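K.L.:
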Amino acid sequence: MMKSYYVLIVLFLLGFVFSSCDQKEVKPERIELDGAIIDFLISDYDMEIGPGAALLITENGNIIYSKGYGLANLEESIPITSATNFRLASLTKQFTAMCIMILNSRGQLDYERTLTDIFPDFPEYGSNITIKHLLHHTSGLIDYFTLIADTVSQQLKDQDVLNLMMTQTTTHFPPGTEYRYSNSGYALLAMIVESVSGKGFADFLEEEIFFPLGMSNSIAFEDGNSTVENRAYGYSQIDSEFIRDDQSITSAVLGDGGIYS
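Residue numbers (this note's numbering): 14 to 274.
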């Protein structure tokens with residue numbers, strides 16, 4: 014409870030500082046941070062024998078605080094540092110969207126194209142689902158998580174998601190009429206990038222985004238084809254024990270969550 018009070022106080026003071034920046038008579042050159050207070054606020058993630066987190070604070074494009082807390086690899090006691098590589102999970106979606114936007118900017122892909130335009134064998138319901146619907150989570154596609162058979166043990170890939178969508182005949186609602194967060198849509202967007210560009214999705218990301226932007230520590234991880242350096246692993250806590258729980262049956266799908274950075 015006391016920590017919650019400290020968090021509220023710090024947030025209030027930061028809010029006061031930022032609101033003061035609009036007043037002409039107050040022009041601070043930078044915000045001074047107290048490392049001890051930050052360490053206290055994030056101490057729950059600074060376990061010597063448990064998984065943790067990395068913290069980075071920037072101001073005007075400059076790094077003003079960077080520190081790792083806890084372990085990236087419990088089995089080998091590897092600490093988290095500013096160089097530790099985490100799975101971005103659904104933050105991947107913004108990069109998938111950027112790939113689509115790159116193709117659009119080059120005149121290779123119109124946002125109004127439909128799933129049946131791109132995948133001729135896609136069921137008729139795809140004729141009403143556009144690229145724009147997929148980007149905006151308004152396609153109404155069934156979530157592929159719910160379609161995986163209990164007998165499936167091998168990790169799914171984006172192509173498998175496309176195959177699952179092709180077994181369906183309808184959507185949750187008429188496309189464009191409602192919002193419903195969709196992992197299925199972003200897996201299909203990755204397949205659209207491959208279909209239109211003629212490149213693998215991971216290769217397109219590397220060649221068109223990561224390399225040009227100097228993101229040398231970012232990668233769309235494909236087991237057997239690539240390696241994540243300085244990788245932080247995921248764990249689940251059962252009582253007082255941490256169990257590595259880093260991969261699930263859906264972790265190999267790239268378009269909705271496969272980037273590490």
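Glycine residues also receive a C-beta, built at the ideal position from the N, C-alpha and C atoms. Remember, predicted model here, so these are calculated numbers, not experimental data.
#1: Would isoleucine 62 be called buried (16 or more neighbouring beta carbons within 10 Å of its own) or exposed?
#2: In angstroms with no decimal places, state the Cα-to-Cα distance between glutamine 121 and valine 241.
#3: Going along the chain, which residues of its own chain have a beta-carbon closer than 6 Å to the beta-carbon of aspartate 259, five neighbours each way excluded?
#4: Can you tell which of Leu177, Gly268, Arg119 and Lys145 has its C-alpha closest to the C-alpha of tyrosine 192?
#5: By the three-class DSSP mapping on this structure, what secondary structure does glycine 81 have?
#6: For isoleucine 205, which of helix, strand or coil comes out of DSSP?
#7: Given a cut-off of 9 Å on the beta-carbon distance, is the pair glutamate 235 and glycine 271 in contact?
#8: Rounded to the nearest angstrom, how far is the Cβ of serine 103 from that of leucine 154, given a contact under 8 Å?
#9: Among the candidates Ser231, Thr143 and Arg257, whose CA atom is the shortest distance from the CA of arginine 9?
#10: What are the partner residues of alanine 66, as DSSP defines its beta bridges?
#11: Kindly give me the distance between the Cβ atoms of leucine 46 and isoleucine 77, rounded to whole angstroms, as I take these residues to be in contact under 8 Å.
#12: Confirm, please, whether the CB-CB distance from leucine 201 to leucine 175 is below 9 Å.
#13: Using the C-alpha atoms, what's the distance from arginine 244 back to aspartate 57?
#14: Which runs of the beta strand (DSSP E), 3 residues or longer, sit entirely within the stretch 219-261?
#15: Tell me which residues share the same chain as serine 208 and place their Cβ nearer than 8 Å to its Cβ, disregarding the 5 neighbours each side in the sequence.
#16: If you follow the alpha helix (DSSP H) that phenylalanine 108 is in, where does it begin and where does it stop?
#17: To which residues does DSSP link asparagine 73 through a beta bridge?
#18: Would threonine 97 and glycine 81 be called neighbours here (beta carbons separated by less than 9 Å)?
#19: Are the Cβ atoms of threonine 105 and tyrosine 124 separated by less than 9 Å?
#20: Helix, strand or coil, according to DSSP, for threonine 159 in the structure here?
#21: DSSP three-state label for threonine 164, please.
P.N.:
To lay it out plainly:
#1: The residue given as residue 62 occupies position 49 in the sequence shown. Counting Cβ neighbours within 10 Å, isoleucine 62 comes out exposed, since fewer than 16 surround it.
#2: Against the sequence shown, residue 121 aligns to sequence position 108. Against the sequence shown, residue 241 aligns to sequence position 228. Rounded to the nearest angstrom, the two C-alpha atoms are 31 Å apart.
#3: Within the sequence shown, residue 259 is the residue found at index 246, counting from 1. Only Tyr246 and Gly247 meet the Cβ criterion.
#4: Counting from 1 along the sequence shown, the entry for residue 192 is found at position 179. The shortest Cα separation from tyrosine 192 among Leu177, Gly268, Arg119 and Lys145 belongs to Lys145.
#5: As a working note, residue 81 is residue 68 in the sequence shown. Three-state DSSP puts glycine 81 in a strand.
#6: Position 192 of the sequence shown holds residue 205. Three-state result, isoleucine 205: helix.
#7: Stepping through the sequence shown from its first residue, residue 235 is reached at position 222. Stepping through the sequence shown from its first residue, residue 271 is reached at position 258. Against a cut-off of 9 Å, the Cβ pair of glycine 271 and glutamate 235 comes out as a contact.
#8: Working through the sequence shown from its first residue, we reach residue 103 at position 90. Working through the sequence shown from its first residue, we reach residue 154 at position 141. Going by Cβ atoms, the distance from serine 103 to leucine 154 rounds to 16 Å, so no, they are not a contact pair.
#9: This structure leaves residue 9 out entirely; the chain is present only between 14 and 274.
#10: To locate residue 66, count along the sequence shown from 1; it is residue 53. Beta-bridge pairing links alanine 66 to Tyr82.
#11: For the purposes of this step, residue 46 is taken as the residue at position 33 of the sequence shown. For the purposes of this step, residue 77 is taken as the residue at position 64 of the sequence shown. That belief holds up - the Cβ atoms of leucine 46 and isoleucine 77 are roughly 6 Å apart, short of 8 Å.
#12: Locating residue 175 in the sequence shown gives position 162, where the first residue counts as 1. Locating residue 201 in the sequence shown gives position 188, where the first residue counts as 1. Yes, the pair counts as a contact, with Cβ atoms nearer than the cut-off.
#13: If you number the sequence shown from 1, residue 57 lands on position 44. If you number the sequence shown from 1, residue 244 lands on position 231. Approximately 21 Å, taken between the alpha carbons.
#14: 248-251 and 254-257
#15: Residue mapping note: residue 208 aligns to position 195 of the sequence shown, counting from 1. Correct list, in chain order: Ile131 and Phe132.
#16: The residue you call residue 108 lines up with position 95 of the sequence shown. Where phenylalanine 108 is concerned, the enclosing alpha helix (DSSP H) stretches over 105-118.
#17: Residue mapping note: residue 73 aligns to position 60 of the sequence shown, counting from 1. According to DSSP, residue pairing for asparagine 73 in a beta bridge does not occur.
#18: Along the sequence shown, one-based indexing puts residue 97 at 84. Along the sequence shown, one-based indexing puts residue 81 at 68. The answer is yes: Cβ separation under 9 Å.
#19: Position 92 of the sequence shown, counting from 1, holds the residue named residue 105. Position 111 of the sequence shown, counting from 1, holds the residue named residue 124. With a cutoff of 9 Å on beta-carbon distance, threonine 105 and tyrosine 124 are scored as not near each other.
#20: Along the sequence shown, read from residue 1 onward, the residue named residue 159 stands at position 146. The answer is helix: DSSP assigns threonine 159 an H, G or I state.
#21: Numbered from 1 along the sequence shown, position 151 holds the residue referred to as residue 164. DSSP places threonine 164 in coil when its eight states are reduced to three.
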